[in-house]
Structures are given as C-alpha cells and as structure tokens.
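Written below as structure tokens is the structure these notes are about.
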Amino acid sequence: MNYLAHICLADSSEENMLGNFLGDFVNKSLENEFEQSIRQGIIMHKKLDTFTDSHPDFLRSRKRFQKVIDAWQGY
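Using our numbering, read the sequence shown as starting at 31 and increasing by one per residue.
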C-alpha cells in the first residue's frame, strides 16, 4: 500500500513516479546518480515518510498495533 500511495501522490511524470517508488531503496549517497526528475521523486518520498511517520494520528494508530508490529519486526 505504501508504494501505491507514493505513486499516487507523485506528479504525473513517469520519472517522478519511479523516484517515489524507489525512495525506500536509495540512500542519500546514491541520490545524485539519478536524473533530476527521478531524484525529486526520491526526495518527495522521503519527505512524505517523515511527515506521516511523525503525524499524531499515525503515532496514535501505531500504539494500538505495537504488539503486532513488535511480533512481525525483522521479517
């Protein structure tokens, strides 16, 4: 679901969609290896993750599922 959300929130260019999809797999040191529009998508992906991961609604929901999250972490 996370990848679909990132692609839906990307701008309409295929390159930006690709960057949004790749965001979890590309670390900062490799960002410059991509063309600008893909790089913008990667950066957008990381900003979206930072925003959602710190949002109060997400944090509240995460608490509800913490035992399940802990049980599945590492798989």
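Note that beta-carbon positions come from the ideal geometry of N, C-alpha and C, so glycine has one too.
For residue i, the nearest candidate out of the options (CA to CA)
i, options, result
"Cys-9", "Met-74, Asn-62, Arg-69", "Absent from the structure is residue 9, since the part of the chain shown begins at 31 and ends at 105."
"Thr-80", "Asp-41, Gly-53, Gly-49", "Gly-53"
"Asn-50", "Ile-72, Asp-41, Ala-35, Asn-62", "Ile-72"
Residues near residue i by beta carbon distance below 6 Å, same chain, minus five either side
i, result
"Ser-67", "Ser-43, Glu-45, Asn-46"
"His-36", "Asn-50, His-75"
heavy atom of the ligand PLP below 6 Å from residue i C-beta
i, result
"Leu-39", "The ligand PLP is not among the ligands present in this structure, which contains no ligands whatsoever."
Nonlocal neighbours in the same chain, by C-beta distance under 7 Å from residue i, ignoring five residues either side
i, result
"Thr-82", "Phe-88"
Residue i to residue j span [Cα, whole Å]
i, j, result
"Arg-90", "Lys-76", "21 Å"
"Gly-104", "Glu-65", "33 Å"
"Ala-101", "Asn-62", "37 Å"
Local conformation of residue i per DSSP, three classes
i, result
"Asn-57", "coil"
"Ala-40", "coil"
"Gly-71", "helix"
"Phe-8", "Past the boundaries of the shown model lies residue 8; the chain is included only from 31 to 105, so the question cannot be answered."
"Tyr-33", "helix"
"Glu-65", "coil"
"Gln-96", "helix"
Beta-carbon proximity list for residue i, same chain, < 8 Å, skipping 5 on both sides
i, result
"Ile-99", "Arg-92"
- Decide if the stretch 53 to 64 is in contact with the stretch 81 to 88; the criterion is three or more beta carbon pairs, one per stretch, under 8 Å apart. No contact exists between the stretch 53 to 64 and the stretch 81 to 88.
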